[in-house]
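Right, one structure below, let's go through it.
Number of protein chains: 2
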Amino acid sequence: MRIALLGGTGDIGQGLALRFAHDTDHEVLIGSRDPEKARDAVESYTDELEDRGVDASVKGFGNEMAADRADVVILSVPPYHVGDTVEAVEDVLDSETILVTPAVGMQGDEDGLHYHPPGTGSVTELVAERAPDEVPVVGAFHNLAAHALSDLDNDLDLDTLLVANDDDAKETVRNLANEIDGLRALDVGPLANAAEVESVTPLVINIAKYNEDLHDVGVKFH
Amino acid sequence: MRIALLGGTGDIGQGLALRFAHDTDHEVLIGSRDPEKARDAVESYTDELEDRGVDASVKGFGNEMAADRADVVILSVPPYHVGDTVEAVEDVLDSETILVTPAVGMQGDEDGLHYHPPGTGSVTELVAERAPDEVPVVGAFHNLAAHALSDLDNDLDLDTLLVANDDDAKETVRNLANEIDGLRALDVGPLANAAEVESVTPLVINIAKYNEDLHDVGVKFH
Numbered sequence: 030m031r032i033a034l035l036g037g038t039g040d041i042g043q044g045l046a047l048r049f050a051h052d053t054d055h056e057v058l059i060g061s062r063d064p065e066k067a068r069d070a071v072e073s074y075t076d077e078l079e080d081r082g083v084d085a086s087v088k089g090f091g092n093e094m095a096a097d098r099a100d101v102v103i104l105s106v107p108p109y110h111v112g113d114t115v116e117a118v119e120d121v122l123d124s125e126t127i128l129v130t131p132a133v134g135m136q137g138d139e140d141g142l143h144y145h146p147p148g149t150g151s152v153t154e155l156v157a158e159r160a161p162d163e164v165p166v167v168g169a170f171h172n173l174a175a176h177a178l179s180d181l182d183n184d185l186d187l188d189t190l191l192v193a194n195d196d197d198a199k200e201t202v203r204n205l206a207n208e209i210d211g212l213r214a215l216d217v218g219p220l221a222n223a224a225e226v227e228s229v230t231p232l233v234i235n236i237a238k239y240n241e242d243l244h245d246v247g248v249k250f251h
Numbered sequence: 030m031r032i033a034l035l036g037g038t039g040d041i042g043q044g045l046a047l048r049f050a051h052d053t054d055h056e057v058l059i060g061s062r063d064p065e066k067a068r069d070a071v072e073s074y075t076d077e078l079e080d081r082g083v084d085a086s087v088k089g090f091g092n093e094m095a096a097d098r099a100d101v102v103i104l105s106v107p108p109y110h111v112g113d114t115v116e117a118v119e120d121v122l123d124s125e126t127i128l129v130t131p132a133v134g135m136q137g138d139e140d141g142l143h144y145h146p147p148g149t150g151s152v153t154e155l156v157a158e159r160a161p162d163e164v165p166v167v168g169a170f171h172n173l174a175a176h177a178l179s180d181l182d183n184d185l186d187l188d189t190l191l192v193a194n195d196d197d198a199k200e201t202v203r204n205l206a207n208e209i210d211g212l213r214a215l216d217v218g219p220l221a222n223a224a225e226v227e228s229v230t231p232l233v234i235n236i237a238k239y240n241e242d243l244h245d246v247g248v249k250f251h
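Listed below in structure tokens is the structure:
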């Protein structure tokens with residue numbers, strides 16, 4: 030399968046790219062608004078993977094070209110770029126392309142981070158509203174600390190939470206997520222349940238802020 | 030220390046009463062609007078504890094009398110009774126009594142449960158607004174499945190999340206929570222961070238709904 034990480038030069042994009050390239054046989058496409066930046070990132074990711082003896086397939090493109098070539102497109106961009114990014118690639122998306130969104134709207138003050146969803150109720154639902162109707166949208170990878178992912182020496186033992194209205198698309202993303210070592214995907218139902226999933230992101234950041242012994246906090250449910 | 034569980038005949042009250050009585054040396058006071066109901070609950074809790082060889086101090090009272098005698102008052106009532114219950118006991122609360130609130134506002138539909146906070150931003154902040162100014166308020170025990178607590182055969186391995194503006198009160202509740210075997214209290218900062226903590230409650234219920242192998246879901250952060 031071909032997985033495109035749009036905004037794949039950023040923190041969470043880097044983490045997911047390294048994990049998919051290291052732990053799975055899927056082809057990883059790094060997308061960026063600037064294709065040159067994407068190719069620089071690919072060089073750095075490939076170096077890191079080669080140091081570990083992994084000869085992975087990672088390639089860099091502009092966002093639209095990456096999305097056009099992929100089966101699964103992950104919007105690893107900040108929440109305020111989600112709308113633009115969907116718009117930039119919508120012509121190359123279709124019912125065969127799964128659009129995955131990990132972004133979360135947050136606002137910070139002196140107390141910590143607070144969940145700040147858009148008017149649609151969640152960023153996940155915003156993506157579904159903006160994407161062409163036939164494109165299946167899956168919310169996933171919201172609550173993973175970027176640094177915990179990108180440090181391949183760090184053994185994961187984390188859950189990621191999935192929401193989608195399209196069960197087949199959800200199942201595909203569930204399988205992909207479960208292929209990352211130490212990651213377990215849990216089903217949280219339809220897109221309407223996204224807000225409580227997204228709220229975990231500011232929460233884990235607040236937990237890291239107030240508990241000295243916890244960094245890059247993730248979550249396990251049981 | 031004396032711990033009063035107002036609404037201590039309900040699910041979460043039962044769970045906390047049994048755990049405090051079983052795992053700690055603190056005195057547990059069960060409060061109810063109907064003192065007779067409180068005493069009936071005490072009889073059932075005491076039987077359960079005696080069967081396990083624990084001769085615990087558990088007593089039943091009306092809510093006001095339980096609150097008056099306690100150092101820590103836990104509002105283990107449904108969210109729509111939180112306001113009334115604070116009003117019913119406010120005359121016996123003072124700066125020496127810590128008021129603890131585990132309640133969460135939720136609304137359900139066919140998709141699952143959704144976080145539905147009051148206008149104050151969270152039930153925890155609503156309690157702080159309604160309580161007399163000098164009474165320290167701590168949000169805690171929000172995300173514990175009642176059945177997981179009340180089944181004493183079930184070994185816990187769970188986190189509970191604390192929010193408070195009064196650091197001494199928070200420390201007292203942190204120590205109390207940590208005395209329950211298998212429970213770890215994490216600091217999430219001031220009351221302003223309560224909404225993201227409360228949101229975990231509908232989330233864990235949705236996770237139980239959509240994942241057949243998970244019941245009475247709790248959470249661990251690491």
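Here the protein sequences come in this chain order: A and B. If you're matching positions, the first sequence starts at 30 in the working numbering and goes up one per residue. If you're matching positions, the second sequence starts at 30 in the working numbering and goes up one per residue. Glycine included, every Cβ here is placed at the ideal spot set by N, Cα and C. Note that this is a predicted model, so its numbers are computed, not measured.
Hey, could you find the ends of the beta strand (DSSP E) residue i is sitting in?
i	result
Y144 of chain A	142-144
R31 of chain A	31-35
A214 of chain A	212-216
A193 of chain A	187-193
T130 of chain A	127-130
E79 of chain B	First-last for E79 of chain B: 64-80, but that is the alpha helix (DSSP H), not the beta strand (DSSP E).
L58 of chain B	56-61
G137 of chain B	135-137
Are any of the Cβ atoms in chain B nearer than 7 Å to that of residue i?
i	result
K199 of chain A	no
L212 of chain A	no
D196 of chain A	no
L122 of chain A	no
D216 of chain A	yes
N240 of chain A	yes
With a CB to CB cut of under 7 Å and the five nearest residues on each side skipped, what residues in its chain are close to residue i?
i	result
R213 of chain A	D188, N207
N92 of chain A	L35, G60, S61, R62, T114, A117, V118
F250 of chain B	D188, L215
M135 of chain B	L142, H143, Y144, H145, T230, P231
P108 of chain B	A132, V133, G134, V152
Near residue i, which residues of its chain fall below 6 Å by C-beta distance, leaving aside the five closest residues on each side in sequence?
i	result
E227 of chain A	V133, S151, H171
T130 of chain B	L104, T153, V156, G168
G44 of chain B	A175, L178, S179
Anyone know if the C-beta pair for residue i and residue j falls short of 7 Å?
i	j	result
V118 of chain A	A169 of chain A	no
A99 of chain A	R31 of chain A	yes
V166 of chain B	L122 of chain B	no
D245 of chain A	A174 of chain A	yes
V101 of chain A	H51 of chain A	no
N235 of chain A	G218 of chain B	yes
D140 of chain A	N194 of chain B	no
L181 of chain A	L58 of chain A	no
I want to see whether chain A comes within less than 7 Å of residue i, judged by CB atoms only; does it?
i	result
A221 of chain B	yes
I236 of chain B	yes
In chain A, which residues lie with their C-beta within 8 Å of the C-beta of residue i?
i	result
S228 of chain B	Y144, A224, E225, S228, V229, L232
L243 of chain B	L215, F250, H251
Enumerate in chain order the residues of its own chain whose CB-to-CB distance from residue i is below 8 Å, with the five nearest sequence positions on each side excluded.
i	result
T75 of chain B	A85, V87
D69 of chain B	T38, G89
A28 of chain A	Look at the range of chain A in this structure, 30 to 251, and you will see that residue 28 of chain A is not part of it.
Can you name the residues of chain A whose CB is closer than 9 Å to the CB of residue i?
i	result
G247 of chain B	F250, H251
Give the range of the alpha helix (DSSP H) segment to which residue i is assigned.
i	result
I103 of chain B	Per DSSP, I103 of chain B belongs to no alpha helix (DSSP H); it is in the beta strand (DSSP E), 101-104.
F170 of chain B	Note, F170 of chain B: premise wrong, no alpha helix (DSSP H); not H, not E.
G91 of chain A	Here G91 of chain A belongs to no alpha helix (DSSP H); instead the beta strand (DSSP E) covers 87-91.
V111 of chain B	108-118
V248 of chain B	Where V248 of chain B is concerned, there is no enclosing alpha helix (DSSP H), although the beta strand (DSSP E) it sits in stretches over 248-250.
D196 of chain A	196-208
E158 of chain B	152-159
A50 of chain A	40-52
H176 of chain A	175-179
Which residues in chain B have a C-beta closer than 7 Å to the C-beta of residue i? List them in chain order.
i	result
G141 of chain A	G218, N222
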